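The numbering used here numbers the first residue of the sequence shown as 26 and each following residue consecutively.
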Amino acid sequence: MARIKRGVTKHRRHKKIMKAAKGFQGASGRNYKWAKESVMHAWSYAYRHRRERKGEFRSLWIVRIGAACRAAGLSYSQFIHGLKLAEIELDRKILADMAVRDPDGFAKLVETAKEQLAAAAA
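Set out below in structure tokens:
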């Protein structure tokens, strides 16, 4: 049976890790042992934060919508409830974009929500 030497395989594996660790400081960017650990942590953080980013953006949209609603004299929760009563189905991303880029259109939505809340209370 032929003898199998692993030099090429090892070199490729090390090269892949060192390429991924490019730009890391100190031994993390130069030493394979430390680079491997740093890259594994970096990849796990990247995986986790890709999922956390969804919630962070939703929070940002809610803050923007809430600020625009308070400027118009309505709380965020009342605004969302009014939109549901009016059967307006816009997601928070679109509402936040409207609040920033189209204040007049957003003001109309706020008025619609206020009307629906008044009608529901009466």
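Even glycine gets a Cβ: it sits at the ideal position worked out from N, Cα and C.
Predicted, not measured: the structure shown is a model, and the values here were computed from it.
- With respect to the 7 Å criterion, valine 135 and alanine 97 are classified as neighbours on the basis of their beta carbons.
- Leucine 142: member of the alpha helix (DSSP H) spanning 128-146, first to last residue.
- Residue nearest to lysine 40 within the set Val64, Tyr70, Gln50 and Arg28 is Val64 (criterion: CA-CA distance).
- At the C-beta level, leucine 108 and alanine 132 stay beyond 7 Å of one another.
- Of the residues assessed, isoleucine 90 falls on the buried side of the cut-off, its CB having 16 or more other CB atoms within 10 angstroms.
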